[in-house]
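Going by our numbering, the letters in the sequence shown line up with residues 1 to 494, in that order. In this text, a Cβ means the ideal position worked out from N, Cα and C, and glycines have one as well.
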Amino acid sequence: MYKIEICFLDKDFEHDIYELIKAFYPEAEIRMTYEAEETHFCDLLFVSSKAEGSYLIRYEGEGKSGQISIKESESRRENKDHLKYALYQDVLVKLTGRTLPWGNLTGIRPVKLAMGMLDTGLTNVQTAQEMRDRYLVSPKKTALAVAIANREKDILKDIDYDKGYSLYVGIPFCPSICLYCSFSSYPLKLWASRTDEYLDALCKEAEAVASLMKSLGRKLDTIYIGGGTPTTLEPYQLERLLDCLSRQFGYDGLLEFTVEAGRPDSITKEKLASIHRFPVTRISVNPQTMNQTTLNLIGRKHSVEDTKKAFELAREQGFDNINMDLIVGLPGEDYAMVEYTLEQVKALDPDSLTVHSLAVKRAARLNIFRDQYQEMTFENNQEIMELTMKTAYEMEMSPYYLYRQKNMKGNFENVGYAKVDKAGIYNILIMEEKQPIIALGAGGSSKLVFDHERRIERVENVKDVTNYISRIDEMIQRKQTGITRWLRDWREDS
1 MYKIEICFLD
11 KDFEHDIYEL
21 IKAFYPEAEI
31 RMTYEAEETH
41 FCDLLFVSSK
51 AEGSYLIRYE
61 GEGKSGQISI
71 KESESRRENK
81 DHLKYALYQD
91 VLVKLTGRTL
101 PWGNLTGIRP
111 VKLAMGMLDT
121 GLTNVQTAQE
131 MRDRYLVSPK
141 KTALAVAIAN
151 REKDILKDID
161 YDKGYSLYVG
171 IPFCPSICLY
181 CSFSSYPLKL
191 WASRTDEYLD
201 ALCKEAEAVA
211 SLMKSLGRKL
221 DTIYIGGGTP
231 TTLEPYQLER
241 LLDCLSRQFG
251 YDGLLEFTVE
261 AGRPDSITKE
271 KLASIHRFPV
281 TRISVNPQTM
291 NQTTLNLIGR
301 KHSVEDTKKA
311 FELAREQGFD
321 NINMDLIVGL
331 PGEDYAMVEY
341 TLEQVKALDP
351 DSLTVHSLAV
361 KRAARLNIFR
371 DQYQEMTFEN
381 NQEIMELTMK
391 TAYEMEMSPY
401 YLYRQKNMKG
411 NFENVGYAKV
421 DKAGIYNILI
431 MEEKQPIIAL
441 GAGGSSKLVF
451 DHERRIERVE
461 NVKDVTNYIS
471 RIDEMIQRKQ
481 TGITRWLRDW
491 REDS
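Here it is, written out as structure tokens:
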């Protein structure tokens with residue numbers, strides 16, 4: 001395996017330097033050290049240091065060597081931007097002979113960057129120019145980011161961020177765990193006996209949060225029930241959960257209510273009927289791929305026909321806003337296989353389509369046992385991403401939100417496409433971080449927005465289901481403390 005060492009004699013911008021190098025060398029083994037050594041056992045060495053008011057990065061390997069130097073300014077933001085620009089343009093592009101579609105951006109929210117520029121009064125053209133010149137983003141990705149930022153601004157224009165909030169409800173159970181998954185998910189067959197106990201704790205947390213938010217005068221804008229796979233719950237359990245949320249929060253005035261039905265093998269007519277008894281406005285049916293060989297390989301215990309049947313059942317129940325999730329870059333899939341998936345999805349005619357680029361996290365089985373899967377091929381490229389966009393446009397959809405993740409195949413992005421008036425409002429809100437998102441359930445991470453978006457604080461629930469159930473009072477106390485502190489700071493800032 002190709003080996004890279006990054007020696008940080010100065011730790012400023014350690015994370016940014018590491019992530020940018022990793023983006024150019026995604027398959028390399030990268031070792032970080034913090035002391036000068038006489039001998040380095042690697043193919044490529046980077047040394048980051050600081051001397052006489054300048055940031056320095058020296059590199060040697062592949063028969064090449066050199067150094068960049070950036071004079072320190074008073075602005076930490078300027079220092080970071082200038083250092084990343086030089087590392088990208090003057091070192092990594094020259095070493096590899098290639099560029100990245102998102103330039104030197106390593107964060108997950110490039111559209112938030114574009115929206116921030118537009119909010120300061122820059123025009124579309126000025127925003128695009130800034131993204132290209134300052135961050136070296138490709139023209140196509142720049143155009144995509146600016147287009148999505150404008151659509152998001154239009155969708156969110158009537159939301160009162162100072163008075164509203166959104167709610168995430170996590171159901172961590174799944175029929176099986178996919179090869180690439182690293183979420184806090186638990187196989188249902190091992191946890192079926194504790195799902196009611198989990199709902200007891202979840203409803204207790206919901207009651208406490210609803211009481212607190214009502215006392216603060218906050219209005220609930222959107223609800224998103226995700227997972228895991230919420231439809232692993234039985235029909236009576238789904239009704240119990242939805243009734244609990246109705247009693248505690250009320251559904252009047254909601255802008256959107258999403259249930260991520262998810263895995264087709266968990267969706268039944270009875271479960272859809274239970275969901276439809278409540279004012280749920282949007283659901284997801286997620287095939288990931290319409291190639292059966294891939295479904296078998298990645299551990300999805302359903303067939304392509306199961307997906308079609310689940311979608312048709314949802315339409316029969318009256319759901320008029322159905323999203324479908326796809327993943328590109330899955331093991332063994334090439335352009336033709338992605339094209340086949342898109343043709344099958346197009347025939348079903350969903351209302352929105354979310355295209356994910358495969359990102360293999362450290363906790364995923366595909367990474368933990370990577371030696372077992374080293375013969376697999378993972379293909380994602382600009383042609384495949386353009387094919388997904390072309391198909392979405394043919395389905396009368398346009399992009400409405402975007403985010404990136406670490407370790408994405410091809411260093412691309414996840415994009416949500418939707419028809420007119422079918423965009424997922426919650427998806428935009430959680431990406432743009434403009435209002436608090438309160439998360440219930442095991443593994444839930446509440447996001448509290450301070451100082452008008454300048455600072456985000458998280459309030460975490462424990463991930464383990466058993467601990468969540470046994471420590472539910474502690475989880476409630478965490479939220480009450482965090483939300484109370486957030487409100488105090490918000491009032492002072494206002």
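- For Lys-112, the enclosing alpha helix (DSSP H) has its first and last residue at 110-119.
- Residue range 14-24 is occupied by the alpha helix (DSSP H) that includes Ile-17.
- Every unbroken stretch of the beta strand (DSSP E) spanning 3 or more residues and falling wholly within the stretch 27-112 is given here in chain order: 29-33, 44-51, 54-61, 64-71.
- For Ser-246, the enclosing alpha helix (DSSP H) stretches over residues 235-249.
- Between the stretch 352-360 and the stretch 392-407, the count of C-beta pairs closer than 8 Å reaches three or more; the two stretches touch.
- By the neighbour-count criterion, in which a residue is buried when 16 or more other Cβ atoms sit within 10 angstroms of its Cβ, Gly-253 is exposed.
- A buried status is given to Phe-257, since no fewer than 16 other beta-carbon atoms sit within 10 Å of its beta-carbon.
- Beyond the five residues adjoining it in sequence on each side, Lys-50 comes within less than 8 Å, by CB distance, of Leu-9, Asp-10, Asp-12, Leu-56, Glu-72 in the same chain, given in chain order.
- Around Leu-216, the same chain offers Leu-487 as residues with beta carbons nearer than 7 Å, after the five sequence neighbours per side are excluded.
- The alpha-carbon separation between Arg-132 and Lys-112 amounts to approximately 15 Å.
- The beta carbon of Val-47 sits closer than 6 Å to those of Cys-7, Arg-58, all from its chain and outside the five residues before and after it, given in chain order.
- Spatial neighbours of Asn-124 in its own chain (CB-CB distance under 8 Å, excluding positions within 5 residues in sequence) are listed in chain order as Leu-118, Val-146, Asn-150.
- About 6 Å separates the beta carbon of Leu-202 from that of Gly-441, a gap short enough to meet the 8 Å contact definition.
- Taking all protein chains in view, the Cβ of His-15 is surrounded by fewer than 16 other Cβ atoms within 10 Å, so the residue is classified as exposed.
- In this structure, Pro-287 is the residue among Leu-220, Pro-350, Glu-333, Pro-287 with its C-alpha nearest to the C-alpha of Ser-303.
- The stretch 383-399 and the stretch 217-229 do not touch, with fewer than 3 CB-CB distances between them shorter than 8 Å.
- Per DSSP, Ser-470 is one residue of the alpha helix (DSSP H) stretching across 465-470.
- Looking at the DSSP output, Thr-258 shares a beta bridge with Tyr-224, Arg-282.
- In the structure shown, Gln-126 adopts helical secondary structure according to DSSP, grouped into three states.
- DSSP, read as helix, strand or coil, puts Glu-460 in strand.
- Residue range 164-171 is occupied by the beta strand (DSSP E) that includes Leu-167, with no alpha helix (DSSP H) assigned at that position.
- Separation of Lys-309 and Glu-316 (C-alpha to C-alpha, rounded to the nearest whole angstrom) is 10 Å.
- Rounded to the nearest whole angstrom, the C-alpha separation of Asp-200 and Lys-271 is 20 Å.
- With 16 or more neighbouring CB atoms inside 10 Å of its own CB, Val-91 falls in the buried class.
- The DSSP-derived three-state label of Tyr-161 is coil.
- Burial check for Gln-292: the Cβ neighbour count within 10 Å stays below 16, so the residue is exposed.
- Rounded to the nearest angstrom, the Cβ distance from Thr-354 to Gly-416 is 5 Å, consistent with a contact under 8 Å.
- Its chain contains Ala-210, Leu-220 as the residues whose beta carbon lies nearer than 6 Å to that of Phe-249, once the 5 sequence neighbours on both sides are disregarded; these appear in chain order.
- The continuous beta strand (DSSP E) containing Ile-4 extends over residues 3-8.
- DSSP, reduced to helix, strand and coil, places Ser-211 within a helical segment of the structure shown.
- Apart from sequence neighbours up to five positions away, the residues of its chain that approach Asn-79 with a beta-carbon distance below 8 Å are Asp-12, Phe-13, Tyr-55, Ile-70, Glu-72, Ser-73, ordered along the chain.
- The Cβ atoms of Ile-171 and Gly-227 lie closer than 8 Å to each other.
- Judged by beta-carbon spacing, Tyr-401 lies beyond the 8 Å limit of Ser-166, meaning their Cβ atoms are not closer than that value.
- Per DSSP, the beta-bridge partners of Asp-325 are Thr-354.
- Going by DSSP, Lys-406 is part of no beta strand (DSSP E) at all; its letter is neither H nor E.
- By the C-beta density criterion, Met-337 is buried, having at least 16 other C-beta atoms within 10 angstroms.
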